[in-house]
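Residue numbers (this note's numbering): 28 to 167. Ideal Cβ positions, reconstructed from N, Cα and C, are used throughout, including at glycine. Predicted model, so just to flag it, every value in this text is computed and none were measured. One structure is given below, encoded as structure tokens.
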């Protein structure tokens, strides 16, 4: 997996603001403190807000990661980290589906084999019952 694209962010190209958060973890404390971080990338105009936790420092770090991911997507959409993660997710999902299909196909095959065996045994039992009834009636 490609590394996180933190090298795309230059501190002099970012305007950072701290805002009172309205939602998220932290309860009433979140409404009273400026823990929500809003980063604006000046050259592109991209704006990222982050209120991951009550900690201003954690929010600053997370906001920078998100901004770096967005900038990388703008530069190279096919080879960016988020594209690689998305491809990986779809591969894992497809493999799970394939495994599930194989599992149920195998179960269905086993059931049909068991039914065939039961049918073969059932025919033998029916023949034996008919022969027994004929003998009981005195027929040959």
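In this model, residue 37 and residue 64 are separated by some 17 Å (Cα to Cα).
Apart from the 5 residues on each side of it in sequence, residue 88 has no Cβ closer than 6 Å to any other Cβ in its chain.
Taking all protein chains in view, the Cβ of residue 82 is surrounded by fewer than 16 other Cβ atoms within 10 Å, so the residue is classified as exposed.
Here residue 89 carries a helix assignment [DSSP, helix/strand/coil].
A contact between stretches requires three or more CB pairs, one per stretch, nearer than 8 Å, and the region 111 to 127 fails this requirement with the region 86 to 100.
Per DSSP, residue 46 is one residue of the beta strand (DSSP E) stretching across 41 to 46. For residue 65, the uninterrupted beta strand (DSSP E) run begins and ends at 63 to 68, by DSSP.
Burial check for residue 48: the Cβ neighbour count within 10 Å reaches 16 or more, so the residue is buried. Closest by C-alpha distance to residue 58, out of 46, 68 and 67, is 46.
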